[in-house]
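Take a look at the structure below.
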Amino acid sequence: MSGLLSPAPYHILSYGTLLGTTFFHTFVGGIVSFQVLPRPQFSQLMAKIFPVYFSMQTALPVVMALTFPSNAATLTPGGVAGLLDASNTWSGLVPIATMFISGLANLAVIGPATTKCMRDRKSQEHKDGKKSYDPPPHSVEMQALNKKFSMLHGISSLLNLGSFIAALVYGVTLSSRLA
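Read in the UniProt record's numbering, the sequence shown has 80 at position 80, and its numbers run on one by one without any break.
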C-alpha cells in the first residue's frame, strides 16, 4: 500500500505513457492511418485524435514535474523543488519543460490553427470544385491555404519530434537513477 503513496510509480507511468504514445503516434499510428485511409477520413480521424494527444503531451510532463524523483546521493528533494534545483537543469528541467512547451504549443496554438486551415481549405474546395490535394493548377486562394497548412503541419511535426527527442534524453536521466 505504501507504494501507492510514493510518487515514483506515477512518475514512471507518466513517462512511459508519454514516450509510448509519442512513439506510436509519430512512427506507427499516424503513418499507417495516412497510408490506409482515404484523405477525408484520415483528416477526420486526426482532427479527433490530436486534441487528446496534445492534451496528454501537455499534462503528462506536469505530472512528471510534480513526481520528479529525489536524489539521495546529492540530497536533492523530489517534486518541482528538485526539478528546479540547479543540478537538474539540463538532465530534468530542460527535457520536461521542452515536452510541456511543445505539447502546449500544439494544443493551444498550432493544432487549432491547423484545424482552422483545414476547414478553410474544405470551404475553398467547394468554391473551386477541386480538392486541395488534387494535381495543380489550384486557385490562388487554395495555393495560399495549402502553403499555410504545410507550414503549420511542419511546425507541429517539429514540435512533436522535439518532444520525442526530449523524452528520449530524459529517459537517459531517469535510467541513470536506477543504477
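C-beta: ideal position from N, C-alpha, C; glycine also. All values reported here derive from a predicted model rather than from experimental measurement.
Proximity winner among the options, relative to residue i (alpha-carbon distances)
| i | options | result |
| --- | --- | --- |
| T74 | V80, S87, L66 | S87 |
| P51 | I110, T76, E125 | I110 |
| Y53 | G30, R177, V36 | G30 |
| G78 | S6, R39, G171 | S6 |
| L152 | L83, M142, N106 | N106 |
| K116 | F27, K148, D134, H138 | K148 |
| V172 | T67, V36, I96, A47 | I96 |
| A8 | I49, N71, P38 | N71 |
Alpha-carbon spacing of residue i relative to residue j, whole angstroms
| i | j | result |
| --- | --- | --- |
| A65 | K122 | 40 Å |
| V63 | L4 | 15 Å |
| T89 | A113 | 32 Å |
| K127 | A144 | 15 Å |
| S14 | G129 | 46 Å |
| residue 186 | P69 | Lying before the first or after the last residue shown, residue 186 is absent from the chain, which here runs from 1 to 179. |
| residue 226 | P40 | Past the boundaries of the shown model lies residue 226; the chain is included only from 1 to 179, so the question cannot be answered. |
| L19 | S150 | 26 Å |
Counted within 10 angstroms of its Cβ, other Cβ atoms place residue i as buried (16 or more) or exposed
| i | result |
| --- | --- |
| Q44 | exposed |
| S132 | buried |
| T98 | buried |
8 Å Cβ cutoff met for residue i and residue j
| i | j | result |
| --- | --- | --- |
| G92 | S163 | no |
| M56 | T21 | yes |
Taking the runs of the alpha helix (DSSP H) that are 4 residues or longer, which of them lie wholly in the UniProt domain "TMEM205-like" (13-122)? List check, alpha helix (DSSP H) in window: 30-36, 39-66, 79-84, 94-105.
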